[in-house]
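Protein chains in written order, with our numbering: chain A, 1 to 594; chain B, 595 to 972; chain C, 973 to 1120; chain D, 1121 to 1307.
A short worksheet on the structure shown next.
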């Protein structure tokens, strides 16, 4: 034993008068560190997707309805409720939050005598830490989800204007699986899809490369999956939660990824559609997406279905209004042929009213579904419109779809900003013309799909916004036509609608083109319905106002499609047809009153 | 090579059964020692565990790969981040993910801070076990300074949940390096005081020298690793032998001793704390200040790791800490086995060393092996 | 027309004429929805009439300086003849042009008269008609120029 | 020392070594029949320098009806680990004890007995409770033991819990009639 070892321990006195480290909570405040994982906070950005609940490994989160909070398209109206008896403050819920609404405060003390109190809905319950500015939030460079969409191979602009080949090439299997993998399967999109397709389920099928299961899921709600996989307006993607911090899932392309991998001849076997005749017959007017969708679901129920179509081919607007570079004919036929293969009869070139009286149909059939669409182009109704070089957009598309030359010339002005206008413009480009699109509002107000606008620009169409056509005049040459248009100022709509253009008379332009293609909108034509029936049917503006299950005041008559809804797209027509099929079945089996 | 302790005849009246624990025997966590004593000498020792069994390995089999990351830290309460790192390491290896360089440096910093905090707690424990409670007050306070650093780095003091498969969860906070240096300086100063008060203390020396001697030959047959092994003269350290993270870029000395008793083990650990501070300073000065800290990850909600198996290990304060992961290509873990060094030290080894020890030294002996019961039970 | 009441009676009579115009047209229309819609227009005019009647009993007209948006759609569209097979588009054009004409009439009268009280009354009526025109222009913008 | 593959090939002369898999430079897995396992462990320890048993554990391949034991050995000099697999019949699983080779193996074997029901005849204190005092269910680490069902049965949830699926919730409120598919076949 050394002397040093005896003395050395007395160094302990050196620290005798040090300030204690102990912090006197709760007398003194001791805030958590700026990124402390304290109690949860949730902002108004929350849309109730429930991804926090999915990832919570402690089962500490419930999604609950909150009083005063409405569910709507893109918001389930549910909010996360935390059970602090289970929470471990790992913050996986914060990291995964698709809208980044969820975070944590640096507040960490909550004292109460009631052990059941530790259960609250973050963001909506009043908690003392709701205003905390500090606390854990996900680092910008840290991700548990994949925010970038997998690109799809497409024809270059030069290649695509050279012909009518399909522009989008479809995903490879690897790409489709990677894109499907991004989905969080929250299901927020299902309510927004007009057909309420089982979107998360079929995306999972793509991820699992199970295309047969995928096809069955698609056909539960949509017998036009090859078509919709290409040209759907994909309202679902506008509410996709992945769109909040990156690109929404390419839901439309993933639908296509399924149908592209299943050959048509295997459909029957995979879908297992067995038709057991039930002895009743239903008539359908219009072989567009609405009519054929109704025909499919009715046929599956065993109804004998006859479809009346005024044109020579089925498909309606999909055939005559959508050019083949967006929807190749064989893909539309894939959908249509499958429906017809179940024994749906289609009578082509048959006009109701002219070839067959409406009265006969309503008397002959147990029920009738009418989806004749909007096929009457609205006129410009400006001076000089009757000029022979003023064409209608629908006519141009119809000509091209039917193999006729619309004769647009080499310098074309298209009036309008919808899909018909974009397609008329792109078709004209493919026919070799220089194309200018005149639109009354701004590009961001265009009702056309953003992709169509983008692609038409890429293909060299010139988009002139805020241009109001005022007059059509003869040009120096009879093969040309002159348009007078004025610039527009945009004014806001006080009811929250689209901003409205107002003509500025002092800023007018005159331009001469080989032709002017008007595509400002379409209306319907229903003169074939005799007055005695019409009086019992409700209309608003130029459309039917159907009741529950698409039924009209004429109990046997169900209606749908563009002529009966405000959305005027294929997927809405498909759902109208499906819904009417449900209604007709109920009507004919006595569970729907007439 | 299991050699049972000699049998005792309890009916002889010479012996007394004495339970130490399951309250912390020492400060190591809940387990109990069933001691058979003759006078104040221990003649037999049976260990009992199960007070902390939460079934982590089983729980992990029904959670997804990301869901497992927040629970692993709980397997070794005083030193959680080794679990986080090793879990990340095995998942990354089987998933084919490489965590970025910046994350590797931050992980190293995190693990060495953890080691220092854990050793500080242990140092207090060994002091307290031999009547030097002042050391305990000092070291636990200084451990708290490190927990403050963890709080601002990771968002939590104990269960950091910061090292995640793919990297780390966030960049270092603004000004962290400076505050970290400051804490290291304070700890270094404290260590010099502890050396005077504890290691140069006549009482401490008298009670620890010769206590719990582990013969060299026992080391491998009992699976002894870490400082317990190095104090017996083995120059083995995974940071040197199988460098992981950025240890191959750090300068530090491998500490060994030969006496292989309680004092030697304490001294090795004490020296390693100085080496740890040395490494931490290198990390702070040399780590990249920008660049990614997370690898590109798939959507973690349905992350499937390819089928395979691997074992990753790291040198924690107690020795070889390891994760053995078996995957089957699904979204779930097939099997995880967590190898905690206390598994061998606190049971087979303790039962052996306790025999012939004075009752009063049992707690000190236990602390000198530095065991954490939660990592035994997983 | 020398008194406010006379002016109002005149205006009320005009609204009645307009209502009759649409209901006549509706009777002759051969398309169901047009019938429905024209009857709707007629009801709208009757509503205007009702409003003027209550003005006569003391309610206030629109303030003359209040700004009513002019979308100017009626300005550049061609005149159309109301016919039996009138379309929605044309019916809206007819309606907005009629409202525009009424607006012009009251504005001109206001300009031609010196009596401040009567002037105010005419200007107020002109504002009302401008508002009616805006209603039809908005419908035209929404229903017909969907894609434009 | 020889590289691990060569080493295993050398031992392969006397042992039925299969499924050799080099996971990384310092870790190789292989399989050996149950009957040869302990003899091979002894030789690896005594003749090949694999003196350290890092752990012994088990993997439940319930769908194949087997348990796979993993013995993780380490050679400090070569800085190399060997993971040795031994398949056991899942029903009535039994394995020779190695507590004579490594003292701590007794603890592992006791745990495997408790958690999987594998017997290691002769292993000290084998049948004593390890972690689970008074356990009356099947060995809990076996795949057929359902922890969620167990805890739901044993414990109660906090009152007021209950969750809604966003998709189903929106369906019920926003478009309830758009999903009622009539039963197929009509009528």
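For every residue, glycine included, the Cβ atom is placed at its ideal position computed from N, Cα and C.
For residue 1267/D, report the span of its alpha helix (DSSP H) as first-last.
Start and end: 1267-1274.
Examine the Cβ distances between the stretch 574-585 of chain A and the stretch 221-237 of chain A and report whether three or more of them are shorter than 8 Å.
Enough Cβ pairs lie closer than 8 Å, so yes.
Of all the options 83/A, 580/A, 33/A, which has the alpha carbon lying nearest to the alpha carbon of residue 137/A?
Of 83/A, 580/A, 33/A, the residue nearest in Cα terms is 33/A.
One question on the structure: do residue 62/A and residue 81/A come within less than 8 Å of each other, judged by their Cβ atoms?
Yes. Within cutoff.
With three or more C-beta pairs closer than 8 Å as the rule, is the stretch 842-855 of chain B touching the stretch 728-746 of chain B?
With the cut-off at 8 Å, the stretch 728-746 of chain B and the stretch 842-855 of chain B do not touch.
Taking 8 Å as the threshold, find out whether the stretch 356-363 of chain A comes into contact with the stretch 456-463 of chain A through three or more Cβ pairs.
Three or more Cβ pairs closer than 8 Å define a contact, and the stretch 356-363 of chain A falls short of that threshold against the stretch 456-463 of chain A.
If we call anything under 8 Å between Cβ atoms a contact, is residue 1216/D one with residue 1152/D?
8 Å or more divides the Cβ of residue 1216/D from the Cβ of residue 1152/D.
Between residue 579/A and chain G, is there a C-beta pair that is closer than 8 Å?
Looking for chain G here will not work: the only protein chains present are A, B, C and D.
Residues bridged to residue 413/A by DSSP?
436/A, 516/A.
For residue 962/B versus residue 720/B, is the C-beta distance shorter than 8 Å?
Yes, the pair counts as a contact, with Cβ atoms nearer than the cut-off.
Is residue 1306/D helix, strand or coil by DSSP?
Reliability of the predicted coordinates at residue 1306/D is poor, the pLDDT of 37 falling under 50, and the value obtained from them is presented with this limitation in mind. In the three-state reduction of the DSSP assignment, residue 1306/D falls in the coil class, being assigned neither a helical nor a strand state.
Candidates 368/A, 169/A, 226/A: closest to residue 156/A by CA position
In terms of CA proximity to residue 156/A, 169/A leads the group 368/A, 169/A, 226/A.
Could you tell me whether the Cβ of residue 1295/D comes closer than 8 Å to any Cβ of chain A?
Yes, residue 1295/D counts as interfacial toward chain A.
Go through the stretch 1212-1250 of chain D residue by residue and report every complete run of the beta strand (DSSP E) that reaches 3 residues or more, in order.
Segments of the beta strand (DSSP E) lying fully in the stretch 1212-1250 of chain D: there are none.
List the residues of chain A whose Cβ lies closer than 7 Å to the Cβ of residue 704/B, in chain order.
None at all; the shortest Cβ gap to chain A is about 14 Å.
Just verifying my parser: in three-state terms, what is the DSSP assignment at residue 1173/D?
The answer is strand: DSSP assigns residue 1173/D an E or B state.
Check residue 377/A in the structure and name its three-state DSSP category.
Look at residue 377/A here: in three-state DSSP terms it is strand.
CB contact check: residue 1289/D to chain A, cutoff 8 Å:
Chain A, which has a Cβ nearer than 8 Å to the Cβ of residue 1289/D, makes this yes.
Which stretch, first to last residue, makes up the alpha helix (DSSP H) that contains residue 1080/C?
That run of the alpha helix (DSSP H) goes 1060-1084.
Amino acids of chain A, ordered along the chain, whose beta-carbon sits closer than 8 Å to that of residue 996/C:
Neighbours of residue 996/C on chain A: none; closest Cβ ~17 Å, over 8 Å.
For residue 630/B: DSSP bridge partner residues
Its beta-bridge partners are 611/B, 638/B.
Output needed in chain order: residues of the stretch 921-950 of chain B with a Cβ under 7 Å from some Cβ in chain D.
Within the stretch 921-950 of chain B, the qualifying residues are 928, 929, 931, 933, 937, 938, 941, 942.
Using only CA atoms, which one of 547/A, 537/A, 564/A lies nearest to residue 554/A?
Closest option to residue 554/A, Cα to Cα, is 537/A.
Alpha-carbon spacing of residue 725/B relative to residue 862/B, whole angstroms:
Cα to Cα, residue 725/B sits roughly 20 Å from residue 862/B.
Interface positions of the stretch 54-88 of chain A facing chain C (Cβ-Cβ less than 7 Å), listed along the chain:
Listed in sequence order: no entries.
Could you give the first and the last residue of the continuous alpha helix (DSSP H) run that contains residue 896/B?
Per DSSP, residue 896/B belongs to no alpha helix (DSSP H) and is neither H nor E.
Can you tell me where the beta strand (DSSP E) with residue 917/B in it begins and where it stops?
From DSSP, the beta strand (DSSP E) with residue 917/B extends over 913-921.
Is residue 209/A closer than 8 Å to residue 181/A when the C-beta atoms are compared?
Not closer than 8 Å, so no.
In the DSSP assignment, the alpha helix (DSSP H) including residue 1295/D goes from what residue to what residue?
Per DSSP, residue 1295/D belongs to no alpha helix (DSSP H) and is neither H nor E.
Excluding five sequence neighbours on each side, which residues of the same chain lie with their C-beta closer than 7 Å to the C-beta of residue 799/B?
Here the set comprises 857.
Residue range of the beta strand (DSSP E) that includes residue 119/A:
Unbroken beta strand (DSSP E) run through residue 119/A: 119-121.
How close, in whole Å, do the beta carbons of residue 1168/D and residue 1194/D come, if the pair is a contact with beta carbons under 8 Å?
Between residue 1168/D and residue 1194/D the beta-carbon gap is near 11 Å, outside 8 Å, which marks them as no contact.
DSSP beta-bridge partners of residue 256/A:
Listed as beta-bridge partners of residue 256/A by DSSP are no residues whatsoever.
Closest to residue 134/A by CA distance: which of 38/A, 94/A, 79/A, 188/A is it?
Distance check between residue 134/A and each of 38/A, 94/A, 79/A, 188/A places 38/A closest, using alpha-carbon atoms only.
Which residues in the same chain as residue 1306/D place their Cβ atom closer than 7 Å to its Cβ, once the five residues preceding and following it in sequence are excluded?
Note that residue 1306/D has pLDDT 37, beneath the 50 cutoff, so the model's placement of it is unreliable and no number is given.
Give the residues of chain D in contact with residue 643/B, contact being defined as C-beta atoms less than 8 Å apart.
Going along chain D in sequence order, the residues near residue 643/B (Cβ under 8 Å) are 1250, 1251.
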